[in-house]
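Residue numbers (the working numbering): -15 to 133.
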C-alpha cells in the first residue's frame, strides 16, 4: 500500500509558464487526476497539501475525485516544505510511509517536501511521479545524498 501526496494544486499557485500553456495544465491535471482515481480504486490514502500563504482553493476537478472518498485528507502547510503536515496526518491515521509524490513546483515545494519526509521519517520511501510534477523535479538546493533512498 502507498500514500499519494498531491502538493499545491491550487489555482492561484499555477506557474505563469504553465498558465501560458493550456495543454500543459490539462495534461498535468489529467495525470494527477488519473493517479488519484487509481489510488481511490485501490482504496489507498490520498493527502492533498495546500499552501495557506496563497488563499486559493485546490483545483475543483481534483477535489471532485475525493468528494465521497473516506481515505483522503487535506493538510495545510505554512512554508515550502509540507512534510510536517503530511507526517502528522499519516501518524494520526497510521497510513503507509511509502509515498508517491506529485504536484507543482518540482524544484521547490516538491523537492523540499521530499527532502523533509526523508530527513524526518527514516522509514519513508518516496517515489516521484515525474509525469505529474511541474516544472520537472530536481534536487537543486536540497540534500541530494538523501534522494538515493
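For glycine and all other residues, C-beta sits at the position ideal for the given N, C-alpha and C.
Query	Result
Hey, residue 96 and residue 65: beta-carbon distance below 8 angstroms or not?	yes
If I follow the unbroken alpha helix (DSSP H) through residue 66, where does it start and stop?	Unbroken run through residue 66: none, as it is neither H nor E.
Got a sec, what are the start and stop residues for the beta strand (DSSP E) residue -13 sits in?	-13 to -9
Could you tell me which of -5, -15, 13 and -8 sits nearest to residue 115, measuring between CA atoms?	13
Since I believe residue 20 is in contact with residue 50 (beta carbons under 8 angstroms), could you give me their beta-carbon distance rounded to a whole number of angstroms?	7 angstroms
Can you tell me which of 55, 25, 109 and 10 puts its alpha carbon nearest to the alpha carbon of residue 85?	109
Distance check for residue 52 and residue 102, CA to CA, integer angstroms please.	31 angstroms
Could you name the residues that DSSP lists as bridge partners for residue 82?	109
If I measure Cβ to Cβ from residue 36 and keep anything under 8 angstroms in the same chain, skipping five residues before and after, which residues do I get?	60, 61 and 62
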